[in-house]
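Line by line, the protein sequences give chains A and B. Position in the first sequence (first residue = 1) + 26 = the working numbering. Position in the second sequence (first residue = 1) + 26 = the working numbering. C-beta atoms are modelled at their ideal positions from N, C-alpha and C, and glycine is treated no differently. Note sheet for the following structure.
Number of protein chains: 2
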Amino acid sequence: MGRSERRTMRDVRRGNRAMLLRALYFDGPASRNDLCDVTGLSGATVSTMTGDLLGDNVIVEAGHVDSDGGRPRVLLRVNPEYGYVVGVDVGETQVRVELFDLDMNERARALYAVHSARHEPELVARHILVGIDAVISEGGVSPGQVLGVGVGVPGIVEPGPDALVRAKTFGWEAVPLGALLRAGTSLPLFVDNGAKTMGQAELWFGTGRGTTDTVVMLIGSRVGGTIVTDGTIYRGTGQAAGEIGHLKIVTGGRLCKCGGRGCLEAYVGAEAILDRAGIEADSAEEETALARLLETGSPVLDETVDLLGVGLSNLIHLFNPERIVIGGWAGLMLGASRLVEIRAATAANTLPQPYKTASIVLGRLGPDAVAMGAATLVIERFLKDATFPASISTMS
Amino acid sequence: MGRSERRTMRDVRRGNRAMLLRALYFDGPASRNDLCDVTGLSGATVSTMTGDLLGDNVIVEAGHVDSDGGRPRVLLRVNPEYGYVVGVDVGETQVRVELFDLDMNERARALYAVHSARHEPELVARHILVGIDAVISEGGVSPGQVLGVGVGVPGIVEPGPDALVRAKTFGWEAVPLGALLRAGTSLPLFVDNGAKTMGQAELWFGTGRGTTDTVVMLIGSRVGGTIVTDGTIYRGTGQAAGEIGHLKIVTGGRLCKCGGRGCLEAYVGAEAILDRAGIEADSAEEETALARLLETGSPVLDETVDLLGVGLSNLIHLFNPERIVIGGWAGLMLGASRLVEIRAATAANTLPQPYKTASIVLGRLGPDAVAMGAATLVIERFLKDATFPASISTMS
DNA sequence: TGACTTTATTCGAGACTTAGATTATTATCC
DNA sequence: GGATAATAATCTAAGTCTCGAATAAAGTCA
Chain A
27 MGRSERRTMR DVRRGNRAML LRALYFDGPA SRNDLCDVTG LSGATVSTMT
77 GDLLGDNVIV EAGHVDSDGG RPRVLLRVNP EYGYVVGVDV GETQVRVELF
127 DLDMNERARA LYAVHSARHE PELVARHILV GIDAVISEGG VSPGQVLGVG
177 VGVPGIVEPG PDALVRAKTF GWEAVPLGAL LRAGTSLPLF VDNGAKTMGQ
227 AELWFGTGRG TTDTVVMLIG SRVGGTIVTD GTIYRGTGQA AGEIGHLKIV
277 TGGRLCKCGG RGCLEAYVGA EAILDRAGIE ADSAEEETAL ARLLETGSPV
327 LDETVDLLGV GLSNLIHLFN PERIVIGGWA GLMLGASRLV EIRAATAANT
377 LPQPYKTASI VLGRLGPDAV AMGAATLVIE RFLKDATFPA SISTMS
Chain B
27 MGRSERRTMR DVRRGNRAML LRALYFDGPA SRNDLCDVTG LSGATVSTMT
77 GDLLGDNVIV EAGHVDSDGG RPRVLLRVNP EYGYVVGVDV GETQVRVELF
127 DLDMNERARA LYAVHSARHE PELVARHILV GIDAVISEGG VSPGQVLGVG
177 VGVPGIVEPG PDALVRAKTF GWEAVPLGAL LRAGTSLPLF VDNGAKTMGQ
227 AELWFGTGRG TTDTVVMLIG SRVGGTIVTD GTIYRGTGQA AGEIGHLKIV
277 TGGRLCKCGG RGCLEAYVGA EAILDRAGIE ADSAEEETAL ARLLETGSPV
327 LDETVDLLGV GLSNLIHLFN PERIVIGGWA GLMLGASRLV EIRAATAANT
377 LPQPYKTASI VLGRLGPDAV AMGAATLVIE RFLKDATFPA SISTMS
C-alpha cells in the first residue's frame with residue numbers, strides 16, 4: 027500500500043546521509059555549500075555530516091576552487107577506494123567477472139569461456155566463485171574491502187534469497203544461483219537479469235544519465251530491456267517486468283524461442299534478423315554477418331526498422347518516458363546507420379504528445395555494460411545505506 | 027534523481043501522521059493498538075497523534091470492542107463528515123457532478139446532457155461550475171467543508187496549472203480546462219484522464235483493492251487504462267502513460283481514430299467490435315447491441331478475445347502485475363461471459379512465470395466510477411497532507 | 001471486593017536539525 | 001603591506017520529535 031518508511035529521527039539522519047552521499051556520487055565533486063543547495067539541508071547539518079563521512083573515509087577532499095574574495099571552497103567527493111565491487115556477466119559464451127572501485131574504474135578482470143551447449147549451474151557458479159577470488163587478489167584489495175557482488179544473468183530471476191533463475195537459453199528451469207553462490211562466498215550478493223543490469227549501467231553512466239523515466243532497450247542476439255520509473259528500475263511483483271523482447275507485435279507471427287508467436291525478439295534480435303534474411307550464422311559470426319547485411323542493405327532491414335518502431339510506440343504509449351535508450355551490440359549497429367528511420371517509424375505509430383517528449387537515443391556503453399551494471403546493484407545499496415552493513419544480502 | 031524528501035523532524039511527524047491516517051482510512055476502524063502494529067510506531071506516538079487528529083475532528087471514535095479481561099479497545103475511524111469532495115465525469119453524452127463524503131457515500135448528484143457533437147469547452151466548464159454549486163447546496167454542506175474537486179476527462183491532460191486537455195473525441199486541441207475552472211471556483215482542483223480516475227476507483231474500492239502493482243483496463247466504446255506501480259498511478263513524464271488503447275497489436279491493421287493502425291482500441295472497444303461484426307449502432311444503442319451480439323455469438327467475439335489476450339500478454343510482460351482488472355461497461359459484459367477464454371488467450375501468449383502471478387479479474391464498479399475516482403484524487407492529497415491546506419491546487 | 005489483564009496516557013531522555021553567532025581563510029584596496 | 005570586506009566552515013543554543021518506562025484507566029473473573 028505504498029507505505030512510507032519514516033519513523034524516527036534516526037531514519038531522518040540515515041536518509042539525509044544517503045541523500046548527501048548520492049548527490050556527491052552523481053554530481054561529482056562538490057563543496058559543502060553546493061551540497062546545501064542540492065540537498066536543501068542547512069550548512070550546519072552538511073558540516074557535521076560531511077565530518078562524519080570524512081572520518082569514516084567514505085568521502086575525501088578533492089582540492090579547492092579559487093574564489094574571488096573569500097575563503098575558497100573545499101571540494102568533496104566519494105572516496106573511490108573506500109570499497110570495491112564485483113560485477114559478473116553470465117553470458118552465452120563466457121562468464122565475465124570484473125572488479126571495480128567506486129568510480130567504476132576497472133581494477134581487474136577474469137574471463138571464463140563456456141561452451142554454449144553446456145551451462146551446468148554448478149560449473150557457472152564455480153567460474154563465478156573462482157573469478158571473484160581471482161579479481162580480488164589480482165586487483166590487490168583485501169576481501170574486507172569488497173562491498174558485494176552483483177550478477178547479471180539471462181532470464182527471469184525470482185525474488186528471494188535463493189535467487190531462482192529461469193533461463194530458457196541455458197535450459198535453466200529454477201536454478202538457485204543465489205544459494206549456490208552463497209555456499210562459496212559470504213559477500214553480499216545481488217542477482218538480477220542481465221538486461222536490467224545493463225539498463226542500470228546506461229541509466230547511471232550512459233545516455234540515460236540524469237533521467238528518471240526511461241526505457242532502455244537491449245538488442246543483442248536477443249532482446250531485453252529495462253524500465254526505469256522514478257529513477258529506479260521497475261521490477262514488478264515477481265521481478266519479471268520489462269520483458270520487452272516478448273512484446274507481441276505481429277499477431278500469429280513468427281515463432282519465438284519462448285514458445286509464443288510474433289514477439290519483438292522474433293523480428294528485431296540479431297538472430298532473428300539474420301534468420302529472416304536467410305543468412306546462417308552461429309553466435310560467434312553474428313556480429314560480422316549483421317555488419318555485412320547492414321552494408322549491403324536488405325528489405326528485411328526496412329521491415330525490422332518498421333517493427334522496431336511499432337515496439338517503441340508501444341513502450342511510449344504505456345510509459346510516456348522522457349528518454350528511450352537503444353543499446354546492445356545489435357541495437358547500436360542498427361542505430362548507427364538507421365536511427366533517423368527508427369525515429370520516423372516510431373513517430374508514425376505514436377500519438378504526437380507523448381512522442382515529442384521522448385527522445386530516442388543510442389546507448390553509449392559497450393558489451394561490458396552488463397557486468398558494470400551488475401556491480402552498480404551493490405553501489406545502489408551502498409548509497410542507500412550510506413554506510414554498508416556487510417551482512418545484508420538480499421536482491422534488489 | 028529520485029530525491030527522497032526527509033529532512034527535518036517536522037517532516038517525520040507529517041509523514042507518520044499521513045501513514046496513520048492512511049492506515050485508518052483503508053483498513054477501516056482500528057484501535058490505537060492495532061495502529062501500533064500496522065504503522066510500526068510506538069504506543070506513545072500513536073496516542074499523541076490520534077489525540078491531535080481527534081482534536082481536529084479528522085477522526086472519531088467508533089465504538090469499543092469488548093475484551094475478555096482488560097480495558098476494552100476504543101476503535102477509531104476517519105470522520106466521514108470531516109470534509110466532502112466533488113467528483114466530475116466529463117463524458118461523451120453528459121457531464122456528471124457528484125458530491126461524496128470521505129467514505130465515498132454519494133451525497134448529491136447533478137447531470138447535464140451534452141450533445142455529442144458539441145463539446146465547447148466553455149459550455150462544459152459552465153456545466154461543471156454550475157454542477158459544483160448545485161451539489162454543494164443540494165448536499166447541504168458549506169463550501170468551506172469541500173476539500174476539492176476532481177475532474178475526469180477523455181484524452182491526455184498535460185501537467186501544469188492550466189491542465190491542458192487534448193481530447194480528439196471532443197475536438198479539443200489544447201483546452202486549458204484547469205484555467206477555465208479556476209476562473210469560476212477557488213476550490214482545489216485536480217484534472218486527470220477519466221480512465222485513470224476510474225482505475226484509481228477500482229484500486230481503492232473495487233477489485234484492485236489491496237494490490238500495489240496493478241493494471242486496470244477500461245473497455246467502453248473505446249479503450250483506456252491505468253497502470254499502478256507501487257500503489258500509485260504511474261503517469262510518466264507528461265501524464266500520458268497508460269495509453270493502453272493505442273497499444274499496437276496488429277501490424278498494419280485496422281485504422282484507429284488516433285490515426286494509427288492496429289491499435290487495441292480498434293479491435294476490442296465496443297465501437298470496434300460492433301463495426302467489425304457489421305452492426306451499425308450509435309452510441310446510445312451500443313450497449314444493447316453488444317449484449318445481443320454476445321447472446322447470439324459471433325466469430326468476431328472469438329477474435330476479440332484472442333486479441334485481448336495478446337494485449338493483456340503485453341501488459342504482463344512489461345509490468346509483471348499482481349492483478350489485472352478489466353472494467354468499463356463493455357469489458358464487464360465481455361468478461362461476464364468470456365472471462366475463462368480471456369484468461370486462456372492470455373496464458374497462450376505469456377511466459378508462465380509472470381502469468382501465474384497475475385490474477386485477471388473483472389472490475390466491480392459501475393459507470394459512475396469515473397466521477398468517484400476523480401473525487402479520490404482529492405482524497406489522495408488529503409491523506410498525503412494529513413490536514414488539508416486549502417490553498418494547494420495542482421494536479422496529480 | 002480484590003487480583004489480574006489489557007489499553008491508553010504521561011514524562012523524562014535521547015536524537016536530530018536549524019538559525020544565528022563565531023571562527024577561519026582568502027582577495028582587494030589604499 | 002596591513003586593514004577590511006567577503007565567503008566558507010564550525011559551534012552553540014533552542015526547538016521538535018519519537019521512544020521506553022512508568023503510571024493511570026477500565027474492564028474481567030473468582
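So, is the C-beta of residue i closer than 8 Å to a C-beta in chain B?
{"i": "A/Ser239", "result": "The question names Ser, but residue 239 of chain A in the sequence shown is Asp. Closer than 8 Å to some Cβ of chain B, the Cβ of A/Asp239 qualifies, so yes."}
{"i": "A/Tyr260", "result": "yes"}
{"i": "A/Glu228", "result": "no"}
{"i": "A/Arg192", "result": "yes"}
{"i": "A/Leu206", "result": "no"}
{"i": "A/Ala189", "result": "no"}
{"i": "A/Asn340", "result": "yes"}
{"i": "A/Asn219", "result": "no"}
{"i": "A/Phe231", "result": "no"}
{"i": "A/Ile275", "result": "yes"}
Which residue's Cα is closest to the Cα of residue i: the options?
{"i": "A/Pro169", "options": "A/Val177, A/Gly176 and A/Ala160", "result": "A/Ala160"}
{"i": "A/Ser339", "options": "B/His272, B/Ser339 and B/Ser93", "result": "B/His272"}
{"i": "A/Ala303", "options": "A/Leu290, A/Pro325 and A/Arg287", "result": "A/Pro325"}
{"i": "B/Gly174", "options": "B/Ala384, B/Val217 and B/Arg318", "result": "B/Val217"}
{"i": "A/Leu365", "options": "A/Ile342, A/Leu334, A/Asn375 and A/Leu344", "result": "A/Leu334"}
{"i": "B/Thr211", "options": "B/Gly176, B/Glu321 and B/Thr34", "result": "B/Gly176"}
{"i": "A/Glu406", "options": "A/Asp60, A/Phe52 and A/Ala267", "result": "A/Phe52"}
{"i": "A/Glu118", "options": "A/Gly197, A/Ala56, A/Asp78 and A/Asn375", "result": "A/Gly197"}
{"i": "B/Cys284", "options": "B/Leu341, B/Arg144 and B/Pro180", "result": "B/Pro180"}
{"i": "B/Thr277", "options": "A/Asp37, A/Ser68 and A/Gly288", "result": "A/Gly288"}
{"i": "A/Val91", "options": "A/Gly69, A/Gly232, A/Phe126 and A/Asn59", "result": "A/Asn59"}
Do residue j and residue i come within 8 Å of each other at the CB atom, strictly closer than that value?
{"i": "A/Glu311", "j": "A/Trp355", "result": "no"}
{"i": "B/Asn42", "j": "B/Thr76", "result": "no"}
{"i": "A/Gln379", "j": "B/Ile182", "result": "yes"}
{"i": "A/Ala317", "j": "A/Leu300", "result": "no"}
{"i": "B/Asp275", "j": "B/Gly251", "result": "For the sequence presented, residue 275 of chain B should be read as Ile rather than Asp. Not in contact: B/Ile275 and B/Gly251 (Cβ atoms no closer than 8 Å)."}
{"i": "A/Gly157", "j": "A/Val121", "result": "yes"}
{"i": "A/Phe345", "j": "A/Val241", "result": "yes"}
{"i": "B/Gly178", "j": "B/Gly220", "result": "yes"}
{"i": "A/Thr65", "j": "A/Met45", "result": "yes"}
{"i": "A/Gly264", "j": "B/Thr255", "result": "no"}
{"i": "A/Glu228", "j": "A/Val116", "result": "no"}
{"i": "B/Leu47", "j": "B/Leu80", "result": "no"}
{"i": "B/Leu244", "j": "B/Gly337", "result": "no"}
{"i": "B/Val404", "j": "B/Pro202", "result": "no"}
{"i": "A/Tyr293", "j": "A/Thr330", "result": "yes"}
Would residue i pass as an interface residue toward chain A - the criterion being a Cβ-Cβ separation below 8 Å?
{"i": "B/Lys423", "result": "As displayed, chain B neither begins before 27 nor continues past 422, which places residue 423 of chain B out of reach and without an answer."}
{"i": "B/Ile245", "result": "no"}
{"i": "B/Met130", "result": "no"}
{"i": "B/Arg144", "result": "no"}
{"i": "B/Leu50", "result": "no"}
{"i": "B/Asp60", "result": "no"}
{"i": "B/Phe196", "result": "no"}
{"i": "B/Val404", "result": "no"}
For residue i, verify whether its CB is less than 7 Å away from any heavy atom of the ligand FMN.
{"i": "A/Val351", "result": "Of the ligands one can find in the structure shown there are none, so the ligand FMN has no counterpart to examine."}
**Q.** the region 86-102 of chain B in contact with the region 376-391 of chain B per 3-pair CB rule at 8 Å
**A.** Two segments are said to touch when three or more pairs of C-beta atoms, one from each, lie closer than 8 Å; by this definition the region 86-102 of chain B does not touch the region 376-391 of chain B.
Q) Residue ranges of each beta strand (DSSP E) run of no fewer than 3 residues wholly in the region 212-277 of chain A, ordered along the chain? A) Fully enclosed beta strand (DSSP E) runs of 3 or longer: 215-219, 240-245 and 249-255.
Q. Residue ranges of each beta strand (DSSP E) run of no fewer than 3 residues wholly in the region 156-221 of chain A, ordered along the chain?
A. You should have 172-179, 190-193, 198-202 and 215-219.
Q: Note down, one range per segment and in chain order, each beta strand (DSSP E) of at least 3 residues found wholly within the region 369-393 of chain A.
A: For the region 369-393 of chain A, whole beta strand (DSSP E) runs of length 3 or above, ordered along the chain, are 385-388.
(Q) Counting beta carbon pairs with one atom in the region 149-166 of chain A and one in the region 182-194 of chain A, are three or more of them shorter than 8 Å? (A) No contact exists between the region 182-194 of chain A and the region 149-166 of chain A.
Q. Counting pairs of Cβ atoms below 8 Å between the region 232-239 of chain A and the region 121-140 of chain A, do you hit three or more?
A. Touching, no, given that fewer than three Cβ pairs across the two stretches are closer than 8 Å.
Q) Counting Cβ pairs, one atom from each stretch, are 3 or more of them under 8 Å apart for the region 400-413 of chain B and the region 243-257 of chain B? A) With a cut-off of 8 Å, the region 243-257 of chain B and the region 400-413 of chain B do not count as touching, because too few Cβ pairs lie within range.
Q | Secondary structure, beta strand (DSSP E): runs of 3+ residues fully inside the region 111-165 of chain B | A | DSSP runs (the beta strand (DSSP E)) wholly in the region 111-165 of chain B: 120-127 and 132-139.
**Q.** Whole runs of the alpha helix (DSSP H) within the region 31-74 of chain A, excluding any shorter than 4 residues
**A.** Inside the region 31-74 of chain A, DSSP marks whole alpha helix (DSSP H) runs of 4 or more residues at positions 35-52 and 58-65, from first to last along the chain.
(Q) Please give me, in chain order, every unbroken run of the alpha helix (DSSP H) with length at least 4 that falls completely inside the region 289-363 of chain B. (A) Secondary structure within the region 289-363 of chain B: the alpha helix (DSSP H) runs of 4 or more consecutive residues, fully enclosed, are 291-294, 296-302, 312-322 and 325-345 (chain order).
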